[in-house]
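Chemist: Sharing a structure below in structure tokens format, with a few things to ask.
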Amino acid sequence: MIATVILAAGQASRMGSLKQLMPWGNKTILGRTVEIFQQAGAEPIFVIVGNQASEIKKKLGDLDVIWVHNPDFEQGMSSSIHAGIRALSQETEAVLLALGDLPLLSADTVNKMVNTFRQGRHRILVPCYQGKTGHPVIFAKELFPKLLELRGDQGARRLIRENEEQVCYLEVDDPGICLDIDDPQTYAKLLPLKEECSNAGLD
Numbered sequence: 044m045i046a047t048v049i050l051a052a053g054q055a056s057r058m059g060s061l062k063q064l065m066p067w068g069n070k071t072i073l074g075r076t077v078e079i080f081q082q083a084g085a086e087p088i089f090v091i092v093g094n095q096a097s098e099i100k101k102k103l104g105d106l107d108v109i110w111v112h113n114p115d116f117e118q119g120m121s122s123s124i125h126a127g128i129r130a131l132s133q134e135t136e137a138v139l140l141a142l143g144d145l146p147l148l149s150a151d152t153v154n155k156m157v158n159t160f161r162q163g164r165h166r167i168l169v170p171c172y173q174g175k176t177g178h179p180v181i182f183a184k185e186l187f188p189k190l191l192e193l194r195g196d197q198g199a200r201r202l203i204r205e206n207e208e209q210v211c212y213l214e215v216d217d218p219g220i221c222l223d224i225d226d227p228q229t230y231a232k233l234l235p236l237k238e239e240c241s242n243a244g245l246d
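Residue numbers (my numbering): 44 to 246.
Here it is as structure tokens:
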């Protein structure tokens, strides 16, 4: 089983508001991100929350996900990774580690990643678009202890760098792997792309 862990506990101070609940069409940024992984069948889905967790769960409580509270979210992204890994069952063979703000990611990309990972022998799979790496990233169970060693606001990129020989870089035709939303300017720039996806039948 390959589970999905969506990191959505951060404060996103540059946004000036709660990014996870910002509108994305008739959904929210986090709601749409969850929907993409559901469409890909990448379940179970664990959503890690911390900052304003009760408000997020109140708004998105009907989502078919497993909510995991990270009380240490102020210690950085690594604390959310720890919370997600610890929540996984023993049967989990790998994890799709995702950001909570990937509303333009394609479900087809997630499917391709999972299928490629299962067919290969690599322990890490990283998607690339035109040579640029993105999210989500798949980590095999053997690397869970290493993920638990990350500290502070350290994401998993250090682990990728330290295990290059175990990494499969998968080229995908999906700019959405690189389009996360970190500030109001990016949000304003990417929101119109949502309409383009809808018109193309991709939403």
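Glycine residues also receive a C-beta, built at the ideal position from the N, C-alpha and C atoms.
Source: prediction; values computed, not measured.
Terminal residues of the continuous beta strand (DSSP E) containing histidine 6?
Modeler: The structure shown has nothing for residue 6, since the chain only spans 44 to 246.
Chemist: Thinking just about the alpha-carbon of each residue, which of Ile79, Ala183, Glu117 is nearest to the one in asparagine 94?
Modeler: The sequence position of residue 94 within the sequence shown is 51, counting from 1. It is Glu117.
Chemist: Per DSSP, what kind of secondary structure is serine 241 in: helix, strand or coil?
Modeler: Numbered from 1 along the sequence shown, position 198 holds the residue referred to as residue 241. Because the pLDDT of serine 241 is 43, which lies under 50, any placement of that residue in the model is unreliable, and the question is left without a value.
Chemist: Using a Cβ-Cβ cutoff of less than 6 Å, which residues in the same chain neighbour phenylalanine 89 once the five nearest sequence positions on both sides are dropped?
Modeler: In the sequence shown, counting from the first residue as 1, residue 89 sits at position 46. So the list reads Val48, Ile109, Val111, Gly127, Ala130, once near-sequence residues are dropped.
Chemist: Per DSSP, what are the beta-bridge partners of lysine 175 in this structure?
Modeler: Translated into the one-based positions of the sequence shown, residue 175 becomes position 132. Its beta-bridge partners are Tyr172.
Chemist: Quick check on glutamine 173: buried or exposed, where buried means 16 or more other Cβ atoms within 10 Å of its Cβ?
Modeler: Sequence index remark: in the sequence shown, residue 173 carries index 130 (1-based). Exposed, because fewer than 16 other Cβ atoms sit within 10 Å of the Cβ of glutamine 173.
Chemist: Which same chain residues, not among the five before or five after leucine 236, have their C-beta less than 7 Å away from its C-beta?
Modeler: On the sequence shown, residue 236 is found 193 positions in, with the first residue counted as 1. Excluding positions up to five away in sequence, the list reads Leu147.
Chemist: Considering only the beta carbon of each residue, do isoleucine 124 and leucine 191 sit closer than 9 Å?
Modeler: Your numbering for residue 124 matches position 81 in the sequence shown. Your numbering for residue 191 matches position 148 in the sequence shown. It is a contact, given that the beta carbons lie within the stated cut-off.
Chemist: Could you tell me the alpha carbon to alpha carbon distance between aspartate 107 and glutamate 86, rounded to whole angstroms?
Modeler: By 1-based counting over the sequence shown, the position of residue 107 is 64. By 1-based counting over the sequence shown, the position of residue 86 is 43. Answer to the nearest angstrom: the Cα atoms are 10 Å apart.
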